[in-house]
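**Q** Residue numbering for the sequence shown follows our numbering, beginning at 99 and increasing consecutively.
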Amino acid sequence: MNNVVIAVITCKRPEWLARLLDSLIALQYEASISPQILVVDNDSAGSSRDVVITRQQNASMPVTYDVEKKQGIVFARNRCVERFLEMDGDYLVFIDDDEWPQQSDWLNRLVNAASEFNVDVVTSHVISVGEPGTPDWAVDLIYGKNPFQHGQFIDVFYTNNLLLSRKMVAALSPCFDSRFAMTGASDYHFALRAKHAGFKCVYIDAPVVEEFPKSRASVKWFCRRGFRSGIGYTRSHVFEESYGKAVLRCVALSGVRVVRGVAKIVTGIITNNKTTRVDGLFRLCSAAGTIAGLFGIKHEEYKVIHGK
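1) Does the beta-carbon distance from D218 to K168 come in below 7 Å?
2) In chain order, what residues of the same chain have a beta carbon less than 7 Å from the beta carbon of G387, not counting five sequence neighbours either side?
3) By Cβ distance, which residues of its chain are closer than 6 Å to G170, with the 5 residues on each side in sequence left out?
4) Determine the DSSP secondary structure at G228, reduced to helix, strand or coil.
5) Identify which residue in I193, W235, V161 has its Cα closest to the Cα of V377.
6) In the DSSP assignment, find the unbroken alpha helix (DSSP H) run with Q88 in it and report its ends.
7) Have a look at N140, L122, V165, E166 and flag the residue whose alpha-carbon is nearest the alpha-carbon of A157.
8) Suppose you measure from the CA of V227 to the CA of S313; what does that come to, to the nearest Å?
9) For the beta strand (DSSP E) holding D164, just list the boundary residues, first then last.
10) Select from Q250, E229, H223 the residue whose C-alpha is nearest the C-alpha of G242.
11) Quick check: the Cα distance between T108 and A344, rounded to an integer number of angstroms?
12) Quick check: the Cα distance between H287 and P245, rounded to an integer number of angstroms?
13) Pull up the distance between the alpha-carbon of L379 and that of V349, whole angstroms please.
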């Protein structure tokens, strides 16, 4: 029997959390899989408690509610890890509260892939759909085209659609670094640690769908996100590699991002394509963030909550 804990972190987005829980409870899974849902609320007031209690009553699987009062996604993620280890789970699965599985056999695909490919990490992509009124250019840009093939081994993964083995979680716990509490990139840093520790990740076809909020559909937000992602990349490598190696890596990558960013902007202007133009700006801001990270600059993205 594969005991699976599906971890959901939420903070003041009760409508989206309700939608996700309903979709998880409706999953179809094999008899060899025993799932349970863990909701960790990062709102100290416990604003999502009633949403969870309502689902607990008639759910086809156990649903547990917990509160992480310390503000920051890192602390909520590590709370999920702590509870998972207490629950004696075999696999920990992360999915965001603004998402839902595209297909009812999503969990089967993740769990079976871990055995099929003999890996400790399984991930898949996210398909973005816009909240009503969200412009198409923003929806098209947030994740772009999926570059991976089913069964491809990859080095980078994120917690928006992810399965981790108990072996890996126990070996790397606490999994997420508090230095990334409000800045983002703690999952990229975790992936880097996992790679250095020798754990392998496979990409499979098991997508989730994300509702992209209209409030994020601005050039300013994408530029800030690019800047933040660049900083997160640099800080992750500075923390895990020699400083000299990290500097060389980041300076080189920043140069590549500048070239690609300028090329995207020029192409976007010629083709009158806003998605391409903003993608170019995103890359230029990411290049700037990559250098800024070398000087200890941080950007706290998670101070503002988007969604409902």
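No residue lacks a Cβ here, since even glycine has one placed at the ideal position from N, Cα and C.
**A** Working from what's here:
1) no
2) G324, F325, R326, S327, G328, I329, listed in sequence order.
3) A279, M280
4) strand
5) According to the sequence as given, residue 377 is Asp; it is not Val. Ranking I193, W235, V161 by Cα distance to D377 puts W235 first.
6) Summary: the structure shown does not reach residue 88, with the chain confined to residues 99 through 406, and so no result is reported for it.
7) Of the candidates N140, L122, V165, E166, the residue whose Cα lies closest to the Cα of A157 is L122.
8) 14 Å
9) Where D164 is concerned, the enclosing beta strand (DSSP E) stretches over 161 to 165.
10) H223
11) 33 Å
12) Rounded to whole angstroms, H287 to P245 spans 21 Å at the Cα level.
13) 18 Å
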